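Take the sequence shown: its position 168, counting from 1, is numbered 156 in my numbering, and each next residue is one higher. Structure record follows, encoded as structure tokens.
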Amino acid sequence: MTHLRKTNAPSEAIKNVRTQRRDFTYLTGFLKTRLSQVFQTILLLMIVAGVGPQKATLAQTDLGFISGTVRDAADAVVPNCQIEIKNSRTATTRNVTSDQNGYFNVPSLTVGPYTVSATAAGFKHLVTNVDVTTNGTTANLQLSVGNVQQEVTVTSESGSVSLQTDNHELATTVSPTQLVNLPNNTRSILNVATLGPSSQQGTDVGVDGGDESFYGQTANSVIISGLGNAHTAFLQDGVDNTNLLTQTVNILSSVEASQEVTTILNGAPARFSQPSIINVITKSGSNKIHGTAYDFLQNDDFDAQNWFATSKPAKRYNQFGGNIGAPLWKNKLFAFFDYSGLRSHTANVYQDRVPTAAERTGDFSADGVTLYNPATYNPATGTSQPFAGNKIPAISPFAQLWLQNYPAPTQALNASNVNYVVNLPAISNYDEYLGRVDFNISPKDLLFGTVARLTSQAGQDSITPNLFGIFIALQGTNISVAETHVFNSNIVNVFKVGYNRSNLFRSQQGQGALDYAASYGLENVNPQPSQWTPPQINLNSDNYTSLGDPYSPQGAIQNRFQYTDEVSWKIGNHTFVFGGDYVRTQFDGDWVVGNNGIYNFDGSATSQYVNGVRSSTNQGNSLADLELGFPRTANAANGVTLGAFRGTDVSGYVQDDWKALPRLTFNIGLRYDFDNPPNDKNGHGGLFSVASNTVIPGTWKTNYNDWAPRFGFSYQADDRTVVRGGYGIYYAPILYNNLHSNYCIRQIS
């Protein structure tokens, strides 16, 4: 099978390896030379031994951490200080002891508000409040000399910002209060997630340009640090939340259902495959009942009339929802449920050029152009004769049927060559549900699970009732379950299971209703019954409106099963993190790439020819060519364009946070990814080997050398300044929409 290039849809042909991205430094042939292999071995030994400058990102993908140093009023460190960390909502408690340098950290904490209490002999009891985020929280504690029965309560100043001193990543975290109160048109969490530097909402750029907009997913993508759309990984509650077809968000949690949104803008640690991460943590229940209800609306009563419209287009826009969280068993079991919906019904003004009543009968006498009869062409003189009276005597059977798809003009042709003006209805609707349960099994075990479900549809009618209108539907499901086990104050394990399903399709009104190829009498066109749509007829002159979409239906159904385990282990001033992921992917694609035929008419058949050369002044008429049945070109994909791909991804990583000095943290890690190329289980895709003249099953050559070292440092110069730096290698995934590159094109005329 060969590649069919789309004119309005995405895609470059698949390269045989994933894109490799290196931050800050480019090393040609890295990991392929003997020197680099030696370096890898030394690096791994350093990490295992806990030697050298190393990084531990204490935050789990859905959890956070608290770290800090305990000092007295003279700025001397306080070792062996007893520290209690208590969740303000669920009363979950963890206890640790500061080390000989006064340093402490508490990994694998559910994000949210906490009370931190510090107790040491000879000092007053200290209590302070902090908010834990997935990017971690620094809580440096200063004790006052006194009796331990005395208590000092420390509160943060309103609007104060604490410096993150324990890692090198550039990251932003948005709290639930900010999510709700910040101005946010469309109320998308991605609008807020991209408020940081070097980040913006997604656009169709780079080698993947076109894929997102073609499937209506541009609003579900971002561009961070100048990279392409596929270089940002999306997580929800610590589990992959990605639509592989376009590498965009599968389900966007509502603003009201989100506890926090953390964006790693650059330098993501070894637990992450991509340099940039958007991690959404959903709200949970608590010991108090809490809830929200809302509705945001727009209406055409508030709008002015469009200058070009003959009447004001209707607009009905309601974005609404509500949620509730409550305890099911005090201090033990909590539940949260959220619903959000959108009902948007609007209309857009369309101005078109449709055939006139006279043109439908073959009469072009009023068009101001001389039409030439291709049947009279004389090869000897290279000329043809005009139609008598500029009228076509007989219209082809195909054209007679096709012209019925055009509505009658609503007005006479104006100076812009427009004779049809209409307000075409458009819709954008969705329903999204989220349920979450948190269970404090014991002081050492925490279990939570979430289920998110989205059903959405957006699209617009065409000028032909019940035909050609393009609609995009997405049905998504995310399920995650995570169990956190605390072995002791230094060792914590987190095990997760995730399921991600996406059913994203671009469809066309009228698809599958009948065999259009047989109805219109088209030959050499054989789409599958589920792919039946009318052909595309392009009228490439005289401003006529073309009808048909040769690239729909298109879309895919994906099922991803993810299993992850991670251990955090604190040894002295090192905190090791090591873990791995196993992901099984099922991806069933359906790509209509001209299967129903693409016919282009440009007036060349009815043009004047002089000495066999087309005239530069009398260019004919594309509608007249259609009525005669003479396209300039015609083509279609021929063969099976349905894919059933199966693939497996395996990754492992190790990392360490080395608190070398009270103000200096080194970060180092190593990740390995094995991205097994997805294979079509029915053998419909493959690589052509020139050497053997055979087709090899698969989509690209398997790469076993995706090693990804990460290095960084964080130095606190003073109380208001932190200097950071880092380096890393990352491997970007392909857009699975590119798998359609294996399909064929065949000339049919």
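Every residue gets a Cβ at the ideal spot worked out from N, C-alpha and C, and that includes glycine. All of these numbers come straight from a predicted model, not from anything done at the bench.
Within a Cβ cutoff of 6 angstroms, which residues of the same chain sit near residue i, ignoring the five residues on either side of it in sequence?
| i | result |
| --- | --- |
| Val683 | Gly674, Phe676 |
| Phe633 | Phe575, Pro666, Asp668 |
| Ala181 | Val249, Thr251, Ile266 |
| Phe375 | Leu359, Asn361 |
| Pro685 | Asn667, Gly674 |
| Tyr421 | Tyr327, Arg441 |
| Ala79 | Asn319 |
| Cys69 | Val58, Ser86, Ala106, Ala108 |
| Thr16 | Because the pLDDT at Thr16 is just 31, under 50, the model does not fix this residue reliably, and the point stays unresolved. |
| Gln704 | Thr153, Arg651, Val710 |
| Ala461 | Gln445, Phe493 |
| Gln188 | Thr182, Ile211 |
With a threshold of 7 angstroms on Cβ separation, who are the neighbours of residue i within its own chain once the five nearest residues in sequence on each side are excluded?
| i | result |
| --- | --- |
| Asn229 | Phe222, Leu223, Val237, Asn238, Ile239, Asn466, Asn488 |
| Ser529 | Asp590, Gly591, Gln607, Asn609, Ser610 |
| Arg602 | Ser592, Ser595 |
| Gln286 | Lys303, Tyr305 |
| Leu391 | Pro343, Arg348 |
| Ala159 | Asn123, Thr250, Thr251, Ile252, Leu253 |
| Val118 | Ile54, Tyr102, Val104, Thr125, Ala127 |
| Ser186 | Ile212, Ser213, Gly214, Leu253 |
| Pro541 | Phe493, Arg494, Ser495, Gln496, Gln499, Gln519, Asp578, Val580 |
| Val628 | His672 |
| Val39 | In this predicted model, Val39 has a pLDDT of only 34, less than 50, meaning its place in the structure is not dependable; the value taken from the coordinates is given anyway. Around Val39: no qualifying Cβ. |
| Leu435 | Phe427, Ile429, Glu471 |
| Thr280 | Glu244, Gly310, Asn311 |
Leaving out the 5 sequence neighbours to the left and right, which residues in its chain are closer than 8 angstroms to residue i when beta-carbon positions are compared?
| i | result |
| --- | --- |
| Tyr692 | Phe662 |
| Arg341 | Leu401, Asn405, Val406, Asn407, Tyr408, Asp530, Asn531, Tyr532, Thr533 |
| Asn744 | Past the boundaries of the shown model lies residue 744; the chain is included only from -11 to 737, so the question cannot be answered. |
| Ile172 | Note that residue 172 corresponds to Asn in the displayed sequence, not to Ile. Only Asn179, Val180, Val243 meet the Cβ criterion. |
| Ser146 | Note that Ser146 scores a pLDDT of 38, beneath 50, so its modelled location is shaky and nothing firm can be said. |
Is the beta carbon of residue j closer than 8 angstroms to that of residue i?
| i | j | result |
| --- | --- | --- |
| His333 | Pro263 | no |
| Tyr539 | Val580 | yes |
| Val638 | Glu554 | no |
| Thr81 | Ile71 | no |
| Gly356 | Ile383 | no |
| Ser132 | Phe92 | no |
| Arg494 | Ile458 | yes |
| Thr521 | Asn584 | yes |
| Gly52 | Thr121 | yes |
| Gln643 | Gly631 | no |
| Gln524 | Ile586 | yes |
| Gly568 | Ala624 | no |
| Ala720 | Arg659 | no |
| Asp291 | Thr438 | no |
| Val227 | Ser468 | yes |
| Leu727 | Thr687 | yes |
| Thr621 | Leu535 | no |
Tell me residue i's beta-bridge partners as DSSP assigns them.
| i | result |
| --- | --- |
| Val357 | Per DSSP, none; premise fails for Val357. |
| Tyr327 | Gly310, Tyr421 |
| Glu72 | Asn83, Ser105 |
| Arg572 | Phe549, Thr636 |
| Phe493 | Ala461, Gly543 |
| Thr563 | Lys558, Asp645 |
| Lys379 | Asp351 |
| Gly437 | Val425, Val469 |
| Val487 | Checking the sequence, you will find Tyr at residue 487 rather than Val. Paired residues: Ile467, Phe549. |
Assuming residue i contacts residue j (C-beta within less than 8 angstroms), just tell me the rounded distance between them.
| i | j | result |
| --- | --- | --- |
| Thr153 | Thr116 | In fact, because the Cβ distance is near 17 angstroms, the residues do not count as touching under 8 angstroms. |
| Tyr718 | Leu232 | The pair is not a contact, with the Cβ atoms about 18 angstroms apart (cut-off 8 angstroms). |
| Gly617 | Ala387 | 6 angstroms |
| Ser96 | Ser556 | 6 angstroms |
| Ser272 | Arg424 | 6 angstroms |
| Thr206 | Gly190 | 5 angstroms |
| Glu157 | Ala62 | Contact flag wrong, Cβ pair sits at about 33 angstroms. |
Is the shortest distance between the beta-carbon of residue i and the beta-carbons of chain C less than 8 angstroms?
| i | result |
| --- | --- |
| Thr125 | No chain C is part of this structure, which consists of one protein chain only. |
Q) Can you find at least 3 beta carbon pairs, one from the segment 435 to 452 and one from the segment 408 to 427, that sit closer than 8 angstroms? A) yes
Q: Determine, using beta-carbon pairs with one atom in the segment 480 to 498 and one in the segment 586 to 601, whether at least three such pairs fall under 8 angstroms.
A: no
Q: Could you tell me whether the segment 384 to 395 touches the segment 303 to 311, where touching means 3 or more Cβ pairs closer than 8 angstroms?
A: no
Q.
Is it the case that the segment 282 to 301 contacts the segment 406 to 413, given that we only count it when at least three CB pairs across the two stretches are under 8 angstroms?
A. yes
(Q) Would you call the segment 560 to 567 in contact with the segment 503 to 522, where contact means no fewer than 3 C-beta pairs closer than 8 angstroms? (A) no
**Q.** Sufficient close CB pairs (3 or more, under 8 angstroms) joining the segment 201 to 212 to the segment 270 to 289
**A.** The answer is no - the segment 270 to 289 does not touch the segment 201 to 212, with fewer than three Cβ pairs under 8 angstroms.
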